[in-house]
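To start, the structure itself, in structure tokens.
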Amino acid sequence: MRDDSGDRAAGPAAADLLAWYDDHARDMPWRVGPKDRAAQLRPDPYRVWLSEVMLQQTTVAAVTEYFRRFTARWPNVAALAAAADGDVMGEWAGLGYYARARNLLKCARAVVADHGGVFPDTREGLLSLPGIGPYTAAAVASIAFDRAEVVVDGNVERVMARVYDVHTPLPTAKPELTVLAAALTPEVRPGDYAQAVMDLGATICTPKSPACGICPWRAPCLARVRGTAAMLPKKLPKKPKPVRFGIAYVVRRADGAWLLERRPDKGLLGGMLGWPGSEWIEAVPEAAPPMQAEWSEVPAEALHTFTHFHLRLRVHVAEVAIEAAPEAGAFLPAGEFRPSDLPTVMRKAFDLAQSTFDNDG
DNA sequence: TAGTCGTGGAG
DNA sequence: TCTCCAAGACT
Numbered sequence: 001m002r003d004d005s006g007d008r009a010a011g012p013a014a015a016d017l018l019a020w021y022d023d024h025a026r027d028m029p030w031r032v033g034p035k036d037r038a039a040q041l042r043p044d045p046y047r048v049w050l051s052e053v054m055l056q057q058t059t060v061a062a063v064t065e066y067f068r069r070f071t072a073r074w075p076n077v078a079a080l081a082a083a084a085d086g087d088v089m090g091e092w093a094g095l096g097y098y099a100r101a102r103n104l105l106k107c108a109r110a111v112v113a114d115h116g117g118v119f120p121d122t123r124e125g126l127l128s129l130p131g132i133g134p135y136t137a138a139a140v141a142s143i144a145f146d147r148a149e150v151v152v153d154g155n156v157e158r159v160m161a162r163v164y165d166v167h168t169p170l171p172t173a174k175p176e177l178t179v180l181a182a183a184l185t186p187e188v189r190p191g192d193y194a195q196a197v198m199d200l201g202a203t204i205c206t207p208k209s210p211a212c213g214i215c216p217w218r219a220p221c222l223a224r225v226r227g228t229a230a231m232l233p234k235k236l237p238k239k240p241k242p243v244r245f246g247i248a249y250v251v252r253r254a255d256g257a258w259l260l261e262r263r264p265d266k267g268l269l270g271g272m273l274g275w276p277g278s279e280w281i282e283a284v285p286e287a288a289p290p291m292q293a294e295w296s297e298v299p300a301e302a303l304h305t306f307t308h309f310h311l312r313l314r315v316h317v318a319e320v321a322i323e324a325a326p327e328a329g330a331f332l333p334a335g336e337f338r339p340s341d342l343p344t345v346m347r348k349a350f351d352l353a354q355s356t357f358d359n360d361g
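So for the first sequence, full-length UniProt numbering puts the first residue at 1; every next one is plus one.
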């Protein structure tokens, strides 16, 4: 607790940020804005949870359409819990970090099976669910249930590092920044406050060239006074990404079916649809094709960058007869195959294969 | 604990 | 072109 009464050099105050938020809150499909909140409208915990999971390491712009599609198809946690795994993974395709989608289903099913279909309303209760960590538990507890939990995401880390001019590099600085964030978190409107800091970080206290001139916390911000805002927060240097190589085999059957496989739940692109192929390794890979056929190699590579490596994927294509039997994967009928169900690297391989088939007639 | 795990937009 | 990075969780 701090007492700023009568202090000329007062630190940042939650009230000043909330006043700014009342005028500048961004509009989002999952958000109950400050005006609606004043009219006693409460956010739906299901929608808050779903949005927070989607927003983990993901921009608002990328999330918005996925959120609309998910909530249109599964309007509540019971509907999501009853969904088929493949349908959920397919809707998530393209959003990345697919463990989130697997845990999303686990969480929805746990809420239904263990909590009567109602989300726990405390940080501790939420923390026990799959895919809900320290950030998401605090965010849902404060936004959906009006609890004064300390919400610390990348925005909060950046804002605290600047307001208090903290030069300790992340992630070492996280505990220190959490203490500072806790001291600022108000008992009133904690959910609006959490969203206000994140809006501030996303629109004003941005990573590059922050707009300090229009910041509601410009007066108490130490980094602004000292001219260090643009270099904060400091971060440990990151490792370079190695290049890995792989082969993907794209088979089209005469009736239009495609040879696909469901990837194992653990590991990269876990639980997603993909083309059979080699391991992705730093050496030149070897792999047996998934079936006998007349193979041709696409004269281009699918280039893709993951979090920790670059991939150069060679694509081999073949067209086979109806009666041909694969040794790996299974044929998915044309009517059941949506390219949008594929993770991006697999869609890139598909696009290359498609153009090859098209050129061959 | 440090590594794993996606993607697309911005500069 | 390339680096950075966005409302992190899990192991």
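For glycine and all other residues, C-beta sits at the position ideal for the given N, C-alpha and C.
Shown here, residue 235 sits in a strand according to DSSP, grouped into three states. The three-state reading of DSSP puts residue 115 in coil, since its state is none of H, G, I, E or B. Along the length of the stretch 256-340, whole beta strand (DSSP E) runs at least 3 residues long occupy 258-262, 296-305, 310-320 and 330-332, reported in chain order. The three-state secondary structure of residue 143, taken from DSSP, is helix. Taking 4 residues as the shortest admissible run, the UniProt domain "HhH-GPD" (54-203) contains the following complete alpha helix (DSSP H) segments, listed from N- to C-terminal end: 60-73, 77-81, 85-92, 99-114, 123-127, 134-145, 154-163, 174-184 and 190-203.
A contact between stretches requires three or more CB pairs, one per stretch, nearer than 8 Å, and the stretch 248-259 meets this requirement with the stretch 318-333. By the criterion of at least three beta-carbon pairs nearer than 8 Å, the stretch 167-187 is not in contact with the stretch 205-223. A residue is called buried once 16 or more other Cβ atoms fall within 10 Å of its Cβ, and residue 343 is buried on that count. The C-beta distance from residue 247 to residue 287 rounds to 5 Å, short enough to fall under 8 Å. Proximity to residue 20 across 83, 241, 242 and 194 peaks at 194, based on C-alpha coordinates. Residue burial is scored here from C-beta neighbours: residue 49 has at least 16 other C-beta atoms within 10 angstroms and is therefore classed as buried. Here the stretch 142-155 lies against the stretch 30-46, with 3 or more beta-carbon pairs under 8 Å apart. Put simply, the backbone Cα of residue 284 is about 22 Å away from that of residue 318. Residue 338 is classed as exposed because its beta carbon has fewer than 16 other beta carbons within 10 Å across all chains shown.
DSSP places residue 252 in the uninterrupted beta strand (DSSP E) bounded by 243-253. DSSP places residue 35 inside the alpha helix (DSSP H), whose first and last residues are 34-38. For residue 45, the secondary structure class from DSSP, reduced to helix, strand or coil, is helix. By the Cβ criterion, the stretch 238-247 is in contact with the stretch 300-314, since at least three pairs of Cβ atoms, one from each stretch, lie closer than 8 Å.
Taken through DSSP and simplified to helix, strand or coil, residue 20 comes out as helix. In this structure residue 315 does not touch residue 328 by the C-beta definition: roughly 16 Å separates them, more than the 8 Å allowed. Ranked by Cα distance from residue 53, the first of 78, 95, 34 and 295 is 95. The Cβ atoms of residue 341 and residue 139 do not sit closer than 7 Å to each other.
For residue 223, the uninterrupted alpha helix (DSSP H) run begins and ends at 222-226, by DSSP.
Here the C-alpha atom of residue 157 lies approximately 10 Å from the C-alpha atom of residue 151.
In the assembly as shown, residue 51 is a buried residue. Its beta-carbon has 16 or more other beta-carbons within 10 Å.
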